[in-house]
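Colleague: Dropping a structure here in structure tokens format, bear with me for questions.
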Amino acid sequence: MSRNTLEGTPASPGDPSRGTPEAPATASGPLRPLGVLHHVASTLTAQLAADLKAHGLTAPTFHILAVLRKAGPADRLTTGQLAAIDMVTCSGMTVRADKLERTGLIVRERDEHDRRVIHLRLTERGLDLTDRILAGQHAREARLMAALDTDELQALAKLADALERALQHAADGPPPAPPH
Numbered sequence: 001m002s003r004n005t006l007e008g009t010p011a012s013p014g015d016p017s018r019g020t021p022e023a024p025a026t027a028s029g030p031l032r033p034l035g036v037l038h039h040v041a042s043t044l045t046a047q048l049a050a051d052l053k054a055h056g057l058t059a060p061t062f063h064i065l066a067v068l069r070k071a072g073p074a075d076r077l078t079t080g081q082l083a084a085i086d087m088v089t090c091s092g093m094t095v096r097a098d099k100l101e102r103t104g105l106i107v108r109e110r111d112e113h114d115r116r117v118i119h120l121r122l123t124e125r126g127l128d129l130t131d132r133i134l135a136g137q138h139a140r141e142a143r144l145m146a147a148l149d150t151d152e153l154q155a156l157a158k159l160a161d162a163l164e165r166a167l168q169h170a171a172d173g174p175p176p177a178p179p180h
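Per my numbering, the sequence shown starts with residue 1, numbered consecutively.
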């Protein structure tokens, strides 16, 4: 009898529990929920990536727009602040900011009190585009969640919390005991 990946031996390529890139594993078992979660996340990510590509953006450049949007229309952030948020070098952030500035989505503004400091701010065009892309993504997510009834949504929220706790503790050793 062949052993599957849960028992330490890789499943055969024809094993239906492996699923396909397009669909999660069809077999029941302890890893099926993770396969489904991965499939949902991958699908939503691919849809967002297609939307971004249609506007000449990538996920990293859009993240800058989204962070600036979250900061508020009157707020500005420096390249260094954005680099720290994205965990990239300041020079890497500058390259991304250059592209966004060339396309008219952000502007650079010198600090009034320290001319060495340069802030990045969304333009009206950048604000509008960011809002439209975010609205599209939120609509996709809302359609997905609308397929679930209230009990399913509550159960999903509870299970998501449990998965998050398990993920936080996974690196620390054996899984935590379930709460009572």
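Ideal placement from N, C-alpha and C gives every residue a C-beta, glycine not left out.
Please read all numbers here as calculations on a predicted model, not as lab measurements.
Are the CB atoms of M93 and L82 nearer to each other than 8 Å?
Modeller: Result yes, Cβ atoms of M93 and L82 sit closer than 8 Å.
Colleague: Could you check whether the region 48-63 touches the region 112-125, counting it as contact only if at least three pairs of C-beta atoms, one from each stretch, sit closer than 8 Å?
Modeller: These segments do not touch.
Colleague: Shortest alpha-carbon distance to L129 belongs to which of L31, V36 and R69?
Modeller: The candidate whose alpha carbon is nearest that of L129 is R69.
Colleague: Give me, in chain order, the residues of the same chain whose beta-carbon lies closer than 7 Å to that of R96; leave out the 5 immediate sequence neighbours on both sides.
Modeller: These residues qualify, in order along the chain: P60, T61 and I64.
Colleague: Rounding to the nearest angstrom, what Cα-Cα distance links L34 and I85 in this structure?
Modeller: Roughly 28 Å separates the two Cα atoms.
Colleague: Any idea what DSSP makes of H31, helix, strand or coil?
Modeller: Reading the sequence as shown, one finds Leu at residue 31 and not His. Three-state result, L31: coil.
Colleague: Do I118 and E109 count as a contact pair if the criterion is CB distance below 8 Å?
Modeller: Result yes, Cβ atoms of E109 and I118 sit closer than 8 Å.
Colleague: Could you tell me how far apart the beta carbons of D51 and I106 are, in whole angstroms, since I believe they sit closer than 8 Å?
Modeller: Actually they do not touch by this definition, with Cβ atoms about 19 Å apart.
Colleague: I need the straight-line Cα distance from S91 to D114, nearest angstrom please.
Modeller: C-alpha separation (whole angstroms): 20 Å.
Colleague: When DSSP labels each residue in this structure, what does G14 get in the three-state scheme?
Modeller: Annotation note: pLDDT 47 at G14 (below 50); position unreliable, coordinate value reported separately. G14 falls in the coil class under three-state DSSP.
Colleague: Taking the alpha-carbon positions, what's the L144 to Q137 distance?
Modeller: If you take the alpha carbons of L144 and Q137, they lie about 11 Å apart.
Colleague: Hey, which unbroken runs of the beta strand (DSSP E) at 3 residues or more fall wholly within the region 60-110?
Modeller: For the region 60-110, whole beta strand (DSSP E) runs of length 3 or above, ordered along the chain, are 106-110.
Colleague: Output needed for E164: all residues of its chain with C-beta closer than 7 Å, excluding positions within five of it in sequence on either side, in chain order.
Modeller: Around E164: no qualifying Cβ.
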